[in-house]
Amino acid sequence: MSNESNFFTRLAYEASPLNRVLKSSAPGNSWSGSNRGQQVITRPNRADEDVKIFRYTWPAAPKPTHEGTFGAGQLLVEEVTDEDGNKQLTYADRTGLKVLHRVQVGTNEWLNTYYIYDLKRQLRYVLPPEGFNRLAAQGWDIESTEIQKFYFRYLYDGLGRVIEKTVPGGGTIYMVYDQRDRLVFRQDESMKGQYWIVFKYDAMDRLLVEGKFETNASRVSLQTNQNNLPTYANTVQVHELLIQNYYDSYEIEGITHTFNTSFSHHFIQAPTPSQQRHGMLTGKRVRVLGTNSFIVEVSFYD
Numbered sequence: 001m002s003n004e005s006n007f008f009t010r011l012a013y014e015a016s017p018l019n020r021v022l023k024s025s026a027p028g029n030s031w032s033g034s035n036r037g038q039q040v041i042t043r044p045n046r047a048d049e050d051v052k053i054f055r056y057t058w059p060a061a062p063k064p065t066h067e068g069t070f071g072a073g074q075l076l077v078e079e080v081t082d083e084d085g086n087k088q089l090t091y092a093d094r095t096g097l098k099v100l101h102r103v104q105v106g107t108n109e110w111l112n113t114y115y116i117y118d119l120k121r122q123l124r125y126v127l128p129p130e131g132f133n134r135l136a137a138q139g140w141d142i143e144s145t146e147i148q149k150f151y152f153r154y155l156y157d158g159l160g161r162v163i164e165k166t167v168p169g170g171g172t173i174y175m176v177y178d179q180r181d182r183l184v185f186r187q188d189e190s191m192k193g194q195y196w197i198v199f200k201y202d203a204m205d206r207l208l209v210e211g212k213f214e215t216n217a218s219r220v221s222l223q224t225n226q227n228n229l230p231t232y233a234n235t236v237q238v239h240e241l242l243i244q245n246y247y248d249s250y251e252i253e254g255i256t257h258t259f260n261t262s263f264s265h266h267f268i269q270a271p272t273p274s275q276q277r278h279g280m281l282t283g284k285r286v287r288v289l290g291t292n293s294f295i296v297e298v299s300f301y302d
């Protein structure tokens, strides 16, 4: 550090009311001291950038279709060049939705991640680089068995809530909500036909309990039950408690809490726990999986 003389970050701004950062250099003689940094420009796209158009008109069409490429000036591009000259390009449409993220990995090599939306502007598919390459090679059928291994897919209900999420290598995750739009059930492929993870909240929407609810009920069945409940409370039985949170007080099951003041501190006065803990997480019990034991945490505030 004795040879360093630039201990600051240097920023260069666009000469406009937008006040956008055009260049940023990290501290150090090799960076801000050498005027070397990350550069950002915003520009319209060019036709030769070959950005694909995907349209998803669900429910009229069961899957997205490839409909050519964007013409010049139809997208806004944020082009970021790092200190080594490599670029990352983000393409957004006129409404601000990101449609493509492109990362340079060689002189003329790029990794392309596409984002596909429905007519409600809801994200429906994320197509990573390997998935996009295979899709282009196999005729643009995004729901072919081969391509399904590589994409992220999202399904929504009429209220715009994600009720199914498909992830590469992980199958489909199912979600159920209560009438206050809180997640109350979640299930992945490994739980199917056996149990759901259930979530319970207090009146302030704070998560109280997370546990297992043993049932082979479908997502549709559980959602219908939630829609018909006369109250917001989740009344299902928790067959195995996994996590329990405590708020506002230190009345925590299974422990006698004490505040340890024996640790070495550098304060003028020894710290003491505050009594103003309303709204704060005060404790947590987390099950050690496969046992009846719990790890207990207690939080104190100054």
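Counted the way full-length UniProt numbering counts, the sequence shown spans residues 1 to 302.
Beta carbons: idealized from backbone N, C-alpha and C, even for Gly.
Taking contact to mean 3 or more Cβ pairs, one atom from each stretch, closer than 8 Å, check whether the segment 239–255 and the segment 277–294 are in contact. As far as the Cβ criterion goes, the segment 239–255 touches the segment 277–294, which means the pair count is three or higher.
Ends of the beta strand (DSSP E) at LEU155? Counted as a single uninterrupted DSSP element, the beta strand (DSSP E) harbouring LEU155 occupies residues 152–156.
If I'm right that LEU208 touches GLN237 with Cβ under 8 Å, what's the distance once you round it to whole angstroms? Between GLN237 and LEU208 the Cβ distance is about 15 Å, and since that is not below 8 Å, they are no contact.
Can the beta-carbon of TYR117 be found closer than 8 Å to that of LEU127? Taking 8 Å as the cut-off, the Cβ atoms of TYR117 and LEU127 do not count as close.
Since GLU83 contacts ARG36 with CB under 8 Å, what's their CB separation in whole angstroms? Taking C-beta atoms under 8 Å as the contact rule, GLU83 and ARG36 qualify, at a distance of about 6 Å.
So what does DSSP say about LEU229, is it helix, strand or coil? Judged by DSSP in its simplified three-state form, LEU229 adopts coil rather than helix or strand.
For ARG153, count neighbouring Cβ atoms within 10 angstroms of its own Cβ and tell me buried if that reaches 16, exposed if not. In the assembly as shown, ARG153 is a buried residue. Its beta-carbon has 16 or more other beta-carbons within 10 Å.
Limits of the unbroken beta strand (DSSP E) element including ARG134: Taken as a continuous stretch (DSSP letters only), ARG134 belongs to no beta strand (DSSP E), being part of the alpha helix (DSSP H) at 129–137.
Go through its chain and collect everything with a Cβ distance to ARG20's Cβ below 8 Å, but skip five positions before and after it. So the qualifying residues of the chain are TYR13, GLU14, VAL40 and THR42.
Cβ-based burial, ARG180 [other Cβ within 10 Å; buried from 16]: ARG180 comes out exposed.
What are the residues that DSSP puts in a beta bridge with ILE41? DSSP lists GLU79 as partners of ILE41.
Nearest neighbour of LYS212, chosen from TYR301, GLU240, GLN226 and ARG94 [CA to CA]: Measuring from the Cα of LYS212, the nearest candidate turns out to be GLU240.
Can you list, in chain order, the residues of its chain whose CB lies under 6 Å from that of GLN187, leaving out five sequence neighbours each side? Hits under 6 Å: TYR174 and TRP196.
For HIS101, which residues from the same chain have a beta carbon less than 6 Å from its beta carbon, with the 5 sequence-adjacent residues on both sides left out? Contacts found: THR90 and THR113.
If I'm right that SER30 touches ARG10 with Cβ under 8 Å, what's the distance once you round it to whole angstroms? With a Cβ gap of about 13 Å, SER30 and ARG10 do not count as contacting.
For ARG134, which residues of its own chain have a beta-carbon under 7 Å away from its beta-carbon, when the five flanking residues on both sides are left out? In the same chain as ARG134, and ignoring 5 residues on each side of it, the C-beta atoms closer than 7 Å to its own belong to GLU146, ILE147 and PHE150, in chain order.
Tell me where the alpha helix (DSSP H) around ILE147 begins and ends. Where ILE147 is concerned, the enclosing alpha helix (DSSP H) starts and stops at 145–148.
Rounding to the nearest angstrom, what Cα-Cα distance links VAL184 and ASN6 in this structure? So the two alpha carbons sit approximately 52 Å from each other.
Are the Cβ atoms of ILE50 and THR69 separated by less than 8 Å? Reading off the sequence shown, one finds Asp at residue 50, where the question assumed Ile. Contact flag set, yes.
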